[in-house]
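Chains as they are written, first to last, in the working numbering: chain S, 2 to 190; chain V, 2 to 190. In what follows, a structure is listed as structure tokens, so that the remarks can point back to it.
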DNA sequence: CGATTCTTTGAAAACAGTCAATCTGTGTGG
DNA sequence: CCACACAGATTGACTGTTTTCAAAGAATCG
């Protein structure tokens, strides 16, 4: 299973075989079956998880019990609760699998070592972080400035794969809409 | 003016006098008067700017000409368009001063040198970045899960100073509401 | 003081949420 | 293989919230 991760790091990050060998030494493989949890509220998010195959979501439970989805992840995406991961605080979120999922995980302590040892890896991760931040800024802008329909259309354009694989009611939750509203938007679009 | 910046870095970042001397060598002072721009759409955000005194906002112009405010900054906050700053792409946003503002700025190239040379500074900045990211995650969650009134109340609780110093119609823009709606929310709260 | 910016108010229209019922497809166990 | 349960999607009627438009009232600044 490591080979999927290696291919990704080679192609997207330009890492060498020596560097990959070093990373491999710390990498943990894990399978999470559909509807099973990778992380539950109250636990600490110790690992940064690369998704080799499958689909996950991170969500928070509101006071009336509603699920609010903060992010999705599919192949080639990373998944963790970065707030908990970086601070060591217990997570307020849950992460579970929407499909049977294969992960390659690195403990934060090991990740930190690798980042220090492999400048190329550090640069690559830094770029990912920057991009993740930009995306969240765009999402905020969309939330405060776009109509529900515009928000949905941007979502479909940016993430056609999510739209295909993820149930409507979860996309609605991600966009901050009721499923009924999203269902009607889809009909008129 | 550097002394305000130095005090901040000493207190919040634990930097030593030698380290401060190094930073001082790269620091540029700048004053931006009320209603004047620090950055305009199309320019590259080359500097990371520490606000020693005053108040600024970053906003984007929508297609119908509406201003959508992405962030505010006051004393002890940093201001830049980090998308442009990190990538070198022209900014899609504007930054202007809501009050006469004193800044201490570091060019990205110099900032990168300082981060490499001063591990304590790097750790400190890393923590700030983590926190900034967490805050934007919270804002997204609030946008997709809270009512307009809850969003406003969280804003007031988290940033009482903003609420005091910033005009209502700009807070409305930040929250994604019309000024009329926010005015009515304030009356009933 | 006059001009500009900011805030409030009312009324109508647009929008999204809720509730309840129904429909669809999928998969499981008898 | 069928019956049934279950997760997901849709629809209609109704309610509530937010926007829009228009006007006017404060506050601030030169």
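A virtual CB, placed ideally from N, CA and C, is assigned to each residue, including glycine.
Endpoints, beta strand (DSSP E) assigned at residue i
{"i": "residue 70(S)", "result": "68–75"}
{"i": "residue 105(S)", "result": "102–108"}
{"i": "residue 149(V)", "result": "No beta strand (DSSP E) contains residue 149(V), which is instead part of the alpha helix (DSSP H) from 149–159."}
{"i": "residue 95(S)", "result": "95–98"}
Backbone CA spacing between residue i and residue j [nearest angstrom]
{"i": "residue 56(V)", "j": "residue 140(V)", "result": "20 angstroms"}
{"i": "residue 43(V)", "j": "residue 94(V)", "result": "8 angstroms"}
{"i": "residue 26(S)", "j": "residue 65(S)", "result": "44 angstroms"}
{"i": "residue 54(S)", "j": "residue 98(S)", "result": "11 angstroms"}
{"i": "residue 187(V)", "j": "residue 3(V)", "result": "39 angstroms"}
{"i": "residue 69(S)", "j": "residue 16(V)", "result": "40 angstroms"}
{"i": "residue 154(S)", "j": "residue 172(S)", "result": "12 angstroms"}
{"i": "residue 132(S)", "j": "residue 14(S)", "result": "14 angstroms"}
{"i": "residue 166(S)", "j": "residue 184(S)", "result": "16 angstroms"}
{"i": "residue 175(V)", "j": "residue 50(V)", "result": "21 angstroms"}
{"i": "residue 190(V)", "j": "residue 163(V)", "result": "17 angstroms"}
{"i": "residue 120(V)", "j": "residue 108(V)", "result": "18 angstroms"}
{"i": "residue 89(S)", "j": "residue 135(V)", "result": "13 angstroms"}
{"i": "residue 8(S)", "j": "residue 9(V)", "result": "44 angstroms"}
{"i": "residue 61(V)", "j": "residue 37(V)", "result": "16 angstroms"}
{"i": "residue 67(V)", "j": "residue 41(V)", "result": "15 angstroms"}
{"i": "residue 96(S)", "j": "residue 63(S)", "result": "15 angstroms"}
{"i": "residue 158(S)", "j": "residue 151(S)", "result": "10 angstroms"}
{"i": "residue 168(S)", "j": "residue 91(S)", "result": "29 angstroms"}
{"i": "residue 5(V)", "j": "residue 19(S)", "result": "47 angstroms"}
{"i": "residue 112(S)", "j": "residue 127(S)", "result": "13 angstroms"}
{"i": "residue 118(S)", "j": "residue 118(V)", "result": "17 angstroms"}
Among the options, nearest to residue i - alpha-carbon criterion
{"i": "residue 143(S)", "options": "156(S), 131(S), 91(S) and 132(S)", "result": "156(S)"}
{"i": "residue 78(S)", "options": "65(S), 103(S), 37(S) and 63(S)", "result": "103(S)"}
{"i": "residue 12(V)", "options": "168(V), 135(V), 125(V) and 187(V)", "result": "125(V)"}
{"i": "residue 213(V)", "options": "45(V), 91(V) and 39(V)", "result": "Here chain V comprises residues numbered 2 to 190, so residue 213(V) is not present and cannot be evaluated."}
{"i": "residue 80(V)", "options": "41(V), 52(V), 68(V) and 8(V)", "result": "52(V)"}
{"i": "residue 114(V)", "options": "24(V), 5(V) and 10(V)", "result": "24(V)"}
{"i": "residue 160(S)", "options": "189(S), 92(S) and 76(S)", "result": "76(S)"}
{"i": "residue 46(V)", "options": "151(V), 110(V) and 152(V)", "result": "110(V)"}
{"i": "residue 149(V)", "options": "118(V), 5(V), 168(V) and 181(V)", "result": "181(V)"}
Within 8 angstroms, strictly: CB atoms of residue i and residue j
{"i": "residue 129(S)", "j": "residue 122(S)", "result": "no"}
{"i": "residue 138(S)", "j": "residue 21(V)", "result": "no"}
{"i": "residue 170(S)", "j": "residue 106(S)", "result": "no"}
{"i": "residue 146(V)", "j": "residue 177(S)", "result": "yes"}
{"i": "residue 58(S)", "j": "residue 101(S)", "result": "no"}
Endpoints, the alpha helix (DSSP H) within which residue i is located
{"i": "residue 124(S)", "result": "120–146"}
{"i": "residue 35(S)", "result": "Looking at the DSSP string, residue 35(S) is not in any alpha helix (DSSP H), and its letter there is neither H nor E."}
{"i": "residue 173(V)", "result": "169–176"}
{"i": "residue 8(V)", "result": "3–14"}
{"i": "residue 82(V)", "result": "Careful: residue 82(V) lies outside any alpha helix (DSSP H) and carries neither H nor E."}
{"i": "residue 269(S)", "result": "A question about residue 269(S) goes unanswered here, because the residues of chain S that appear run from 2 up to 190."}
{"i": "residue 235(S)", "result": "Here chain S covers residues 2 to 190 and nothing more, so residue 235(S) does not appear."}
{"i": "residue 25(S)", "result": "18–25"}
- Counting pairs of Cβ atoms below 8 angstroms between the region 18–30 of chain S and the region 80–93 of chain S, do you hit three or more? no
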